[in-house]
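Structure first, then comments.
Protein chains: 2
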Amino acid sequence: MKNRGLLIIVSAPSGCGKGTILSEVLKDNAYYFSVSATTRSPREGEVDGVNYYFISKDEFEDIIEKGGMLEYATYCGNYYGTPKKQVEEMLERGKNVLLEIEVQGAMQMKKLCPDGVFIFIKPPSISELKRRLKKRATESDEVIDARVAQAKEEMKYANKYDYVIVNDVLEKAVEDFKAIIRAEELSTKRIKVDTKEAE
Amino acid sequence: MKNRGLLIIVSAPSGCGKGTILSEVLKDNAYYFSVSATTRSPREGEVDGVNYYFISKDEFEDIIEKGGMLEYATYCGNYYGTPKKQVEEMLERGKNVLLEIEVQGAMQMKKLCPDGVFIFIKPPSISELKRRLKKRATESDEVIDARVAQAKEEMKYANKYDYVIVNDVLEKAVEDFKAIIRAEELSTKRIKVDTKEAE
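Heads up: the protein sequence lines correspond to chains A and B, in order.
Residue 1 is where the first sequence starts when you use our numbering, and the numbers rise one by one after that.
Residue 1001 is where the second sequence starts when you use our numbering, and the numbers rise one by one after that.
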C-alpha cells in the first residue's frame, strides 16, 4: 500500500521567488500542484485546468453547498477556491499536493487540515524585497510600495507556519523545501513503523 | 548571533549501518560527535577523547553529584555517561551535537531534553539484518541470533522517536538524515522569525 501524500500549503509575499521555487519542486513527479477553481472569466492565454478551473457561479456554489471546497474566498465579485475532490484523489494516490495560498486562506486551512505542512517563504529582508521588485521594473513606485507594505503584513504570520524558508539563494531554498518534505515523510507523527514486523 | 545547535539523539540496532551513516554526516563541520565518558580501562588502540573520555570512578561520581551528566548508566560494574559540559558548549557555539545512545538512554534523554531531535535508524527488515550480520562473518550464529533478538526488542521503540530512517541504500539514508536536520533548523518550533524586521 502506498502511503498517503502530504498536503503542503505554501504562502509567500509577492517578489519572494515562490513561483520559481515551486516550479523547481514540481519537476519531481511525486508532487501535484493543486489548481484553483474560479468564476472569473479566463484572461488571454489562460488555459482551463492549468491556470484555473473556470467554472460558472452556479457550479461553484453547488460545490460549496456540498462541502466540496477546501477553502474559498470572494475577490472582486468572483469566487476563488480549492476543490476538495482532486486534492483528496491525489493524496490517496500518494502524491504530495502543493497548495499555493495567501496568508488568510492558509490560516483557514490550518484549522481544517492541521496535518498539512505549512511553509512560509520569505525574502532575506524587506530592503532586498524592494530591490527585487524594482529590478523587475514592471511596476510603478506606488505599486511597489503597496506590495512591500503587504509583504510586511503577511510576514507577521510567518511564525504561524510550521517552517520558514528564506529565499536568498534559489538552489538553497529549493533544497530546503525538499528537505522539509522528506523529513515530514520520515516523521513518526505521520508514519508509524510496524513494530511487530514479520520476518 | 549564531543560532543554538541541535541536540540529535540517534539509536539503532547493531548491524543497521549507524556507524557508517554517522561518519558520513560528521564529515560536515557543522556537526560535533559527543564522546561518552567511562570508568572502564581503555582497550588496546582506544584513544582518550576519541573513543571515550577515560576517567576515574571518583571523577565520574563527582560529575554525577554536581548534576553534570546528561545521562548515565552502569554496565558490568563500570559507569558510562554523557558529560553535559561539552554538549552544552558545542550547542552554544551553534554546532549540532550528535549523541549515539541505546534505546533506554534515549528514552531517559527524551524526558530531560524534549527539544532534542530523536532519530531511530532501522534495517529494511529483520531478515535483511540477519543477512548483513552473517555477511560480516565475524560472529557465531549464537551471537547473531542474540543480536537479532535484541534488534527486535529495540525496534519496538522506533515510534517513540521523532523520525525513523530505514537504512536500505546508504546514500539515501545519509540524505534522509541531513534532510531531517535541515528541516528542524527551518522549523518555527525552534526558530522564530523576527516579524518586526527593521529595514
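Note that the Cβ used here is the ideal one computed from N, Cα and C, for glycine as well.
A quick note: this is a predicted structure, and the numbers were derived from the prediction, not measured.
Would residue i count as contacting chain B if we go by Cβ distances under 9 angstroms?
i                 : result
ARG182 of chain A : yes
ASN96 of chain A  : no
GLU24 of chain A  : no
GLU199 of chain A : Note on GLU199 of chain A: pLDDT 43, under 50, position unreliable in the model; the coordinate value appears next. Closer than 9 angstroms: yes.
LYS111 of chain A : no
TYR31 of chain A  : no
LYS164 of chain A : The sequence as given places Val at residue 164 of chain A; Lys does not occur at that position. At least one chain B Cβ lies under 9 angstroms of VAL164 of chain A.
LYS192 of chain A : yes
MET155 of chain A : yes
GLY15 of chain A  : no
LYS135 of chain A : no
Please check if any C-beta of chain A sits within less than 9 angstroms of the C-beta of residue i.
i                  : result
ASN1159 of chain B : yes
PHE1120 of chain B : yes
LEU1170 of chain B : no
MET1069 of chain B : no
LEU1186 of chain B : yes
ASP1176 of chain B : yes
LYS1189 of chain B : yes
ALA1179 of chain B : yes
Let me know if residue i comes out buried or exposed under the rule of 16 or more other beta-carbons within 10 Å of its beta-carbon.
i                  : result
GLY1019 of chain B : exposed
ASN1096 of chain B : buried
THR82 of chain A   : buried
GLY105 of chain A  : buried
SER1056 of chain B : exposed
ALA198 of chain A  : Caution is warranted here: a pLDDT of 41 is assigned to ALA198 of chain A, below 50, making its placement in the model unreliable, and no coordinate value can be reported.
ILE1064 of chain B : exposed
GLY1005 of chain B : buried
GLY45 of chain A   : exposed
VAL1103 of chain B : buried
VAL143 of chain A  : exposed
ALA146 of chain A  : exposed
GLU171 of chain A  : exposed
ASN1078 of chain B : exposed
GLU243 of chain A  : This structure cannot settle anything about residue 243 of chain A, because the visible part of chain A is limited to 1 through 199.
SER184 of chain A  : At residue 184 of chain A the sequence reads Glu, which differs from the Ser that was named. Label assigned to GLU184 of chain A: buried.
GLY1049 of chain B : exposed
TYR1080 of chain B : buried
VAL1117 of chain B : buried
ASN3 of chain A    : exposed
DSSP beta-bridge partners for residue i?
i                  : result
ILE1009 of chain B : B:LEU1099 and B:PHE1118
ILE1165 of chain B : B:ILE1121
GLU71 of chain A   : A:THR82
ALA52 of chain A   : In the sequence as presented, Ala is not what sits at residue 52 of chain A; that position holds Tyr. Per DSSP, A:ASP48.
PHE991 of chain B  : Here chain B comprises residues numbered 1001 to 1199, so residue 991 of chain B is not present and cannot be evaluated.
THR38 of chain A   : A:PHE54 and A:TYR80
SER1187 of chain B : A:TYR163
Count the CB pairs spanning the region 114-131 of chain A and the region 28-43 of chain A that are closer than 8 angstroms, and state whether there are at least three. no
With a cut-off of 8 angstroms, do at least 3 Cβ pairs link the region 1134-1144 of chain B to the region 148-165 of chain A? no
Could you tell me whether the region 1144-1157 of chain B touches the region 1013-1023 of chain B, where touching means 3 or more Cβ pairs closer than 8 angstroms? yes
Counting beta carbon pairs with one atom in the region 1102-1111 of chain B and one in the region 1023-1030 of chain B, are three or more of them shorter than 8 angstroms? no
Touch check for the region 1178-1193 of chain B and the region 166-179 of chain A: three-plus C-beta pairs under 8 angstroms? yes
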